[in-house]
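Quick note on numbering: this note's numbering labels position 47 of the sequence shown as 165, and the sequence is numbered without any gaps. We treat Cβ as the ideally placed atom computed from N, Cα and C, and that holds for glycine.
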Amino acid sequence: MDPQLAEGRFGPVTQTDIVRFAGAGGDFNPLHHDPAFAERAGFDVPIAMGQFTIALMSAWLTDQIGVENLRSLDVDFKAPVKIGDTVSFAAEYCAPESDDSDTETAERPGSAERISTVKLTAAVDDATVVSGRATFSADDAADYASGMDSDRHVED
119 MDPQLAEGRF GPVTQTDIVR FAGAGGDFNP LHHDPAFAER AGFDVPIAMG QFTIALMSAW
179 LTDQIGVENL RSLDVDFKAP VKIGDTVSFA AEYCAPESDD SDTETAERPG SAERISTVKL
239 TAAVDDATVV SGRATFSADD AADYASGMDS DRHVED
């Protein structure tokens, strides 16, 4: 059985969040911290790095399925996340991209491991900022989710 994936939220995003992430990742592009530079680039405020949003999304997902169960993560950036934005995360089970079946879970060839595929969305208000897909070990993730403490869930 596949684990239920709760929706999650992060925010509002602060300048401190962005600067801390820049320090961890070494991305000091002024677009992410300099309001005047961001304005010249066409933004009303500095924007978060795309990897910041993906880090939030992957943390939300792996908090529910266990990082050791994640098999793939593929994303497309759709729009920037700005200071003050609150990002919402959601997942929907779907058929594997390379499979024409209607099932959300498939066995990996040559293995007894069941792999689940989910469609991921990160949104600000009603606008999608990141979309993607993730695959993970379904059996191990279900075991992980059933043994989770309630404080490990992402809260709305």
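Integer-rounded CB distance, given that residue j should sit under 8 Å from residue i
i	j	result
Ile165	Val199	6 Å
Leu191	Ala252	5 Å
Gly168	Phe195	5 Å
Val247	Ala197	5 Å
Cβ-Cβ distance between residue i and residue j below 8 Å
i	j	result
Pro130	Gly202	yes
His151	Val137	yes
Ala213	Ile233	no
Leu149	Ala140	no
Thr180	Arg127	no
Ala182	Ala124	Note that residue 182 is Gln in the sequence shown here, rather than Ala. Against a cut-off of 8 Å, the Cβ pair of Ala124 and Gln182 comes out as a contact.
Status (buried if at least 16 other CB within 10 Å, exposed otherwise) for residue i
i	result
Thr171	buried
Gln122	exposed
Gly144	exposed
Ala245	exposed
Phe146	exposed
Ala154	exposed
Asp217	Its pLDDT being 49, under 50, Asp217 is placed unreliably in this model, and the value from its coordinates should be taken loosely. Exposed, by the Cβ-count rule.
Closer than 8 Å to chain D by CB, residue i
i	result
Leu149	Going by chain labels, chain D is absent from the structure shown, which holds only one protein chain.
Identified DSSP bridge partners for residue i
i	result
Leu238	Ala209, Gly250
Leu191	Ala252
Phe128	Val205
Lys200	Ile165
Ala173	BP columns for Ala173 are empty, so no partner.
- Message: Tell me whether the stretch 206-216 and the stretch 229-238 touch, counting them as touching only if at least three CB pairs, one residue from each stretch, are closer than 8 Å.
- Response: Output reads yes: the stretch 229-238 touches the stretch 206-216.
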